[in-house]
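Residue numbers (this note's numbering): 1082 to 1519.
We put the CB at the ideal spot given by N, CA and C, even for glycine.
Heads up, the thing below is written out as structure tokens.
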Amino acid sequence: MDIAVVGTGYVGLVSGSCFAEMGADVTCVDVDAGKISALKEGRIPIYEPGLDELVQRNVQMGRLHFTTDLSSCLDSVEVVFSAVGTPPDEDGSADLSYVLDVARTVGRHMNRYVLLVTKSTVPVGTAEKVKAVISEELRSRGVSIPFDVASNPEFLKEGAAVKDFLSPDRVIVGVESERARELMSRLYRPLMLNNFRVMFTDIKSAEMIKYAANSMLATRISFMNDIANLCELVGADVNMVRLGIGADSRIGSKFLYPGCGYGGSCFPKDVKALVKTAEKAGYEMRILKAVEEVNEMQKKVIFNKLLSYYGGSLKDRRVAVWGLAFKPGTDDMREATSLVTIDLLLGAGAVVRVYDPVAMDECRRRVGDRVEYASDAYAAVESADALVMLTEWKEFRMPDWGSVKRLMRHPAVFDGRNIYDERELEEAGFHYSCIGKK
């Protein structure tokens, strides 16, 4: 089966490579000529475990190709996936300009039936806009060519995207014709053979499912962070509370870990977009607005703990930051808590030295020379007055605390992800502060 995937970011490159791994002949398309050249040379523009090997293997097998020209492959493909970005506008709504550009190109250059599938996260009703754009382009050409649109939202976790694609807990496909359903069934049949669930819905429901799923997970995180903040005030231990409520089969234990706020390319953007979609429909999403407010407040919690510990002044204090990416397994710093924390620390007059296993270049791009960059975790804490842990990379989980203490000027650890043992650090002579405990 021949398909095209437009966009070579996390979603597009992972999807295209995995479809090729499943046996499809895939052409990945991107308007960024530099990115396409790099991919042709075997250089992967994003950090994602397992993706390098997947791309190289399928390029060598002749199943994965790269181009900047979507029109050049439209005569040979049956399905075109649109996996371009949908960044938030200033008002929080999703910017659909790239999605509609793909539709416009398809309408201008298609000469036979094409199924255009939106894989990007888009508001409910986007498929109708895509369909209208293609129809208008066909009318302007004076031709009548059959086509379909569909919605196939992604549910990939950065850091585990390849595994998530090849072993999904479900695949959501929104269609409005039997022809589109048959094509998508053929494409996903390798997954269906292994009893993975492919769920067909109408298109609007598929578009809503992605936003609703991410908003629910974001809600659980903010709910737990709210509970953690209350635990600190009343003297409860949020870790015990989490275990107690997570044992309830109606609730479950996932996404109940308190911390210093969620970030990334999905949750913040999708919550904002769903709130804006509701506003346009004349409805107020009061719970999701509170979810946003709690999360923005939570991103400041470690800074506030540090400021309180040092009596309200951090001027000239040296602060080491472990972890810059919004989560382990990625170099993505979009909406990361580290960016908020760094800005607050610098604004308070602190000197900041940072380290992350993979996100250092991304930090340099975003933060520049306003912070110092360490060569490893131990170099980051040299002469530091405090260590702030923001991203729970595995290499941070069992440090040599004796070495850390000898290197630091003052032994104080502020744990934004609750991964350390309070008793162990206090016995080692550290001040230890985490989320949800006094």
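Could you give the residue range of the beta strand (DSSP E) that holds F1384? It is not in any beta strand (DSSP E) - F1384 instead sits in the alpha helix (DSSP H) that spans 1382-1390.
Assign P1227 to one of three DSSP states: helix, strand, or coil. coil
Give every residue of the same chain whose Cβ lies closer than 6 angstroms to the Cβ of S1514, excluding the five residues on either side of it in the sequence, and list them in chain order. K1386, F1495
Who are the near neighbours of D1466 in its chain, counting only those whose CB is closer than 8 angstroms to its CB and skipping five residues on each side? Y1391, R1398, R1399, V1400, M1489, R1490, H1491, A1493
Just verifying my parser: in three-state terms, what is the DSSP assignment at V1187? helix
When DSSP labels each residue in this structure, what does G1093 get in the three-state scheme? helix
Leaving aside the five residues before and after H1190 along the sequence, list all residues of the same chain whose C-beta is less than 7 angstroms from its C-beta, in chain order. S1152, L1155
Count the other C-beta atoms from every protein chain shown that fall within 10 angstroms of the C-beta of K1361, then say buried if there are 16 or more, exposed otherwise. exposed
Are D1412 and V1372 close, meaning C-beta to C-beta below 8 angstroms? no
V1095 versus M1280: straight-line alpha-carbon distance, rounded: 21 angstroms
Where M1305 sits in the DSSP three-state scheme: helix
Can you tell me which of the three DSSP states V1433 falls into? strand
Return the bridge partner residues of E1453 from the DSSP annotation. R1434
Based on the DSSP output, what are the partners of F1162 in its beta bridges? V1086, V1198
If I measure Cβ to Cβ from D1318 and keep anything under 6 angstroms in the same chain, skipping five residues before and after, which residues do I get? K1518
Three-way DSSP call (helix, strand, coil) for G1048 in this model: Nothing can be reported for residue 1048, as the shown portion of the chain is limited to 1082 through 1519.
Within a Cβ cutoff of 7 angstroms, which residues of the same chain sit near F1477, ignoring the five residues on either side of it in sequence? W1403, G1404, A1458, M1470
Y1179 - DSSP class collapsed to helix/strand/coil: helix
What does the Cβ neighbour count give for S1225, buried or exposed, with the cut at 16 atoms within 10 Å? exposed
What are the partner residues of S1232, as DSSP defines its beta bridges? T1199, G1255
Sub-8 angstroms separation of A1208 and S1232 beta-carbons: yes
Between the region 1197-1214 and the region 1160-1171, are three or more C-beta pairs nearer than 8 angstroms? yes
Got a sec, what are the start and stop residues for the beta strand (DSSP E) S1514 sits in? 1512-1514
So is M1142 buried or exposed if we call it buried at 16+ other beta carbons inside 10 Å? exposed
Do you know whose CA, among F1336, M1305, G1327, V1112, lies nearest V1529's CA? Because the chain is modelled from 1082 through 1519, residue 1529 falls outside the range shown and cannot be assessed.
Would V1086 and G1097 qualify as a contact pair, given that the criterion is a beta-carbon distance under 8 angstroms? yes
Closer than 8 angstroms, CB to CB, is R1398 near chain D or not? Of the protein chains in this structure there is only one, and it is not chain D.
Do you know how far the Cα of F1228 is from the Cα of A1460? 58 angstroms
With V1243 and L1132 assumed to form a contact (beta carbons below 8 angstroms), what rounded beta-carbon distance in angstroms separates them? 6 angstroms
Would you decide whether M1479 is buried or exposed? Buried here means 16 or more other CB atoms lie within 10 Å of its CB. exposed
Cβ distance (whole Å) where I1215 is taken to contact V1254 below 8 angstroms: In fact, because the Cβ distance is near 19 angstroms, the residues do not count as touching under 8 angstroms.
Is the separation between the beta-carbon of I1516 and that of P1349 shorter than 8 angstroms? no
First through last residue of the alpha helix (DSSP H) which encompasses F1495: Not the alpha helix (DSSP H): F1495 falls in the beta strand (DSSP E), residues 1493-1496.
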